[in-house]
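First the structure, in the form of structure tokens, and then the observations on it.
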Amino acid sequence: MNFQTIHLLVLSALACDAYKILLVFPFPSKSHAILGEGYVRNLLKAGHELTYITPYPKDPAPNLRVIQITQHAFEEKMNSMFTIEKLIDNTLALKEMFSILKSFIDTANDTVSNTEVQQLMLDPQTHFDVVIAEWMLTEIFSGFSKIFNCPLIWSSSMEPQSPILQLIDEMVHPAYSSNMLGLFEPPYNFFQRAINTLIEIGLKVAKWFSALIEEQIYKEAFAAAFKAKGLVQPSLEELRYSAALVLGNSHVSSGAPLKLPQNYKAIGGYHIDEQSKPLPKEFKNILDNSKQGVIYFSLGSVVPSKSMPAAIKTGLFEMFRNLKHTVIWKFEDEFQNVPDNVHVVKWAPQQSILAHPNCILFITHGGLLSTTETLHYGVPIIGMPIFGDQAMNVKKAVHKGIGLEVKFDSDTPKNLKAAINEVLSNQKYRDRVKELSLIYHDRPVSPGAELVHWVEHVVKTKGALHLRSPALHVPLYQKLLLDLIFVSLLLFLGFVFFVKFMVTRCLKKKTDIRKKTL
Ligand SMILES: *[C@@H]1O[C@H](CO)[C@@H](O)[C@H](O)[C@H]1NC(C)=O
Numbered sequence: 001m002n003f004q005t006i007h008l009l010v011l012s013a014l015a016c017d018a019y020k021i022l023l024v025f026p027f028p029s030k031s032h033a034i035l036g037e038g039y040v041r042n043l044l045k046a047g048h049e050l051t052y053i054t055p056y057p058k059d060p061a062p063n064l065r066v067i068q069i070t071q072h073a074f075e076e077k078m079n080s081m082f083t084i085e086k087l088i089d090n091t092l093a094l095k096e097m098f099s100i101l102k103s104f105i106d107t108a109n110d111t112v113s114n115t116e117v118q119q120l121m122l123d124p125q126t127h128f129d130v131v132i133a134e135w136m137l138t139e140i141f142s143g144f145s146k147i148f149n150c151p152l153i154w155s156s157s158m159e160p161q162s163p164i165l166q167l168i169d170e171m172v173h174p175a176y177s178s179n180m181l182g183l184f185e186p187p188y189n190f191f192q193r194a195i196n197t198l199i200e201i202g203l204k205v206a207k208w209f210s211a212l213i214e215e216q217i218y219k220e221a222f223a224a225a226f227k228a229k230g231l232v233q234p235s236l237e238e239l240r241y242s243a244a245l246v247l248g249n250s251h252v253s254s255g256a257p258l259k260l261p262q263n264y265k266a267i268g269g270y271h272i273d274e275q276s277k278p279l280p281k282e283f284k285n286i287l288d289n290s291k292q293g294v295i296y297f298s299l300g301s302v303v304p305s306k307s308m309p310a311a312i313k314t315g316l317f318e319m320f321r322n323l324k325h326t327v328i329w330k331f332e333d334e335f336q337n338v339p340d341n342v343h344v345v346k347w348a349p350q351q352s353i354l355a356h357p358n359c360i361l362f363i364t365h366g367g368l369l370s371t372t373e374t375l376h377y378g379v380p381i382i383g384m385p386i387f388g389d390q391a392m393n394v395k396k397a398v399h400k401g402i403g404l405e406v407k408f409d410s411d412t413p414k415n416l417k418a419a420i421n422e423v424l425s426n427q428k429y430r431d432r433v434k435e436l437s438l439i440y441h442d443r444p445v446s447p448g449a450e451l452v453h454w455v456e457h458v459v460k461t462k463g464a465l466h467l468r469s470p471a472l473h474v475p476l477y478q479k480l481l482l483d484l485i486f487v488s489l490l491l492f493l494g495f496v497f498f499v500k501f502m503v504t505r506c507l508k509k510k511t512d513i514r515k516k517t518l
């Protein structure tokens, strides 16, 4: 054995180190759980040892410990909050937005106060190499990394936005970056820049308020663990900016080419298993036998189909009846007199349907998982956004030319019909989605491999301090160069006064001399 092979063997032995990883994905929504499962699948495959906090039941496996936490009826709360009726009546008020924020914080509280989680923190034998926690508008989980004395990685389910980027760098520039509400696409006019800036300020103000509650929850829930470890409990404000990395469920193929810090890694698509699962028989039959192609219609998992007003429901079924295409509609409600070409299903293997060559159109609420999958499989969309970041995702998709948007109102069936005709008859949408699909797939490594790489990189480099942005601790007035501008102005004014003073003095002297000589 020569030196080189020994070197290689040592290297591969090091690379195969199994790390102990704490995964905190407690938000009770199907799409968030799918993202958590993406971490579990990829990290288990890489040989690591996981402790997974989740609201859903899951069987433990070799190298996988599951801590299931119970929630205070979060899911029902969300379901009753986001209904299509409210969307149409425009009653999704600001108050409800705050109550959503509060639910995220409550979920975080349920997680850190959970008995099993408390035991985990108190157990002196428990050790982790890294904590990966889902960031949902609260930083309470940054306490874990201090308790276990290991680096922290945030997983972000959305496109990069100010609230998360501020934790590792700075807010996005309101003059050319869109935000969560996604009202406009750049370039912006004066009015749009004003609105964007106001939204950024509004988000800051909301955070000041929520930070007070977060601090209180963090103080109470982590106190015992800090005491048991003989550590002084720092304030949450001190821990808030301590994350080594953000792993974002985003990619430039679906989002905007934003300026991003070195420790933001866009790994959108990691939730998709490279080998798509074979279609169950009943779905395979529908897709294989469709002559004109299949339209797949799903509004995601949060908004209940029940909340769709009866008139729209009937209108949609009647509109679908007149199409020559086959429709698979994920619809959790009963309906009489379903047309022959429509298949109503309560559950659908979304990825495997999109992967089928006969799937020609995806009508979606525009959740980021769905818009990512549409690029992965190259299927054009019609977006019907309901809440949160969906409006922004759909707007981006329309802007990129891979589909159209249809709003929810009494004209929805008519407008959706026109949109279906346009997207299916005009080749440009299919061409564009294939182009973007190429951009999506054309990466040095798959998103799952990239996920594993960066997690291991953070552990190996003990927190990846070399990636931290210097902007993190620079106050706003310095970023805007206000102090420089102020001092320059002073110097300039001083200079002007000095010159003026000298000139008047000289003139005065001259007149004095003249007076004297007279
Ligand atoms: C957090 O949860 C604990 C335990 O369930 C509860 O006693 C406490 O009031 C909660 N804190 C807040 C701010 O909701």
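Residues 1 to 518, numbered by the UniProt record's numbering, are exactly what the sequence shown covers, in order.
Glycine included, every Cβ here is placed at the ideal spot set by N, Cα and C.
Asked                                                                                                                                                                : Found
Please list, following the chain, all residues that have a C-beta closer than 6 Å to any non-hydrogen atom of ligand 1.                                              : Asn109, Ser113, Ile213, Gln216 and Ile217
Check for me: the alpha helix (DSSP H) holding residue 522 runs from which residue to which?                                                                         : Since the first residue of the chain shown is 1 and the last is 518, residue 522 is not available in this structure.
In its own chain, which residues sit with a C-beta less than 6 Å from the C-beta of Leu316, not counting the 5 before and 5 after it?                                : Pro413
With DSSP collapsed to three states, give me the class of Val499.                                                                                                    : helix
Once you ignore the five residues that flank Asn415 on each side, which residues in its own chain have a CB closer than 7 Å to its CB?                               : Val406
Do Ser370 and Lys277 count as a contact pair if the criterion is CB distance below 8 Å?                                                                              : no
What is the DSSP secondary structure of Lys265, counted as helix, strand or coil?                                                                                    : strand
What separation, rounded to the nearest whole angstrom, lies between the Cα atoms of Leu375 and Leu299?                                                              : 17 Å
Can you tell me whether Ala18 is helix, strand or coil according to DSSP?                                                                                            : coil
I'd like the span of the beta strand (DSSP E) that includes Lys330, first residue to last.                                                                           : Thr326 to Lys330
What would DSSP say about Ser99, mapped onto helix, strand or coil?                                                                                                  : helix
Assuming Ser156 contacts Asn249 under a Cβ cut-off of 8 Å, what Cβ separation, rounded to an integer in Å, is found between them?                                    : 6 Å
Starting from Phe68 and walking both ways along the alpha helix (DSSP H), at which residues does that stretch end?                                                   : The displayed chain sequence assigns Gln, not Phe, to residue 68. Segment Leu64 to Gln68 is the beta strand (DSSP E) holding Gln68; no alpha helix (DSSP H) there.
Report the residue ranges of all alpha helix (DSSP H) runs contained in full by the region 428-472; include only those spanning at least 4 residues, in chain order. : 447-460
Give a yes or no on contact between the region 205-220 and the region 137-149, applying the rule of three or more CB pairs nearer than 8 Å.                          : yes
Classify His376 as helix, strand or coil using the three-state DSSP reduction.                                                                                       : helix
Would you mind reading off the limits of the alpha helix (DSSP H) that contains Gly315?                                                                              : Ala310 to Arg321
Between Ile217, His173 and Ser99, which lies nearest to Leu142 when the distance is taken from Cα to Cα?                                                             : The question names Leu, yet the displayed sequence has Ser at residue 142. Closest by alpha carbon: Ile217.
Under 6 Å Cβ to Cβ from His271, same chain only, skipping five residues before and after it: list those, please.                                                     : Ile34, Leu35 and Gly38
Skipping 5 residues on each side, what residues in its chain have a beta carbon closer than 8 Å to that of Pro174?                                                   : Arg193, Asn196, Thr197, Ile199 and Glu200
For Ser298, name the three-state secondary structure that DSSP assigns.                                                                                              : strand
Are three or more beta carbon pairs between the region 385-402 and the region 413-433 nearer than 8 Å?                                                               : yes
Which residues in the same chain have their Cβ closer than 8 Å to the Cβ of Glu332, if we skip the five residues on either side of it in sequence?                   : Pro304, Ser305, Lys306 and Lys346
Could you tell me whether the Cβ atoms of Gly268 and Pro447 are closer together than 8 Å?                                                                            : yes
Measure how close the beta-carbons of Ile153 and Ala18 come, nearest whole angstrom, since I'm counting them as under 8 Å.                                           : With 8 Å as the limit, Ile153 and Ala18 do not qualify as a contact, their Cβ atoms being about 17 Å apart.
Given a cut-off of 8 Å, decide if Gly463 and Ile360 are closer than it, judged by their beta-carbon atoms.                                                           : no
Should the region 278-288 be called in touch with the region 449-462, which here means at least 3 C-beta pairs below 8 Å?                                            : no
Please identify the residue among Ala221, Lys396 and Leu354 whose C-alpha is closest to the C-alpha of Glu373.                                                       : Leu354
State the Cα-Cα distance for the pair residue 605 and Gln118, rounded to the nearest angstrom.                                                                       : Coverage of the chain is limited to positions 1 through 518, which leaves residue 605 absent and any answer about it impossible.
Would you kindly work out how many angstroms separate the C-alpha atoms of Phe497 and Leu482, rounded to a whole number?                                             : 22 Å
Helix, strand or coil: which one does DSSP assign to Leu50?                                                                                                          : strand
Excluding five sequence neighbours on each side, which residues of the same chain lie with their C-beta closer than 6 Å to the C-beta of Phe148?                     : Phe128
How many Å lie between Arg514 and Lys508 at the Cα?                                                                                                                  : 10 Å
Using the three-state DSSP reduction, which class does Leu354 fall into: helix, strand or coil?                                                                      : helix
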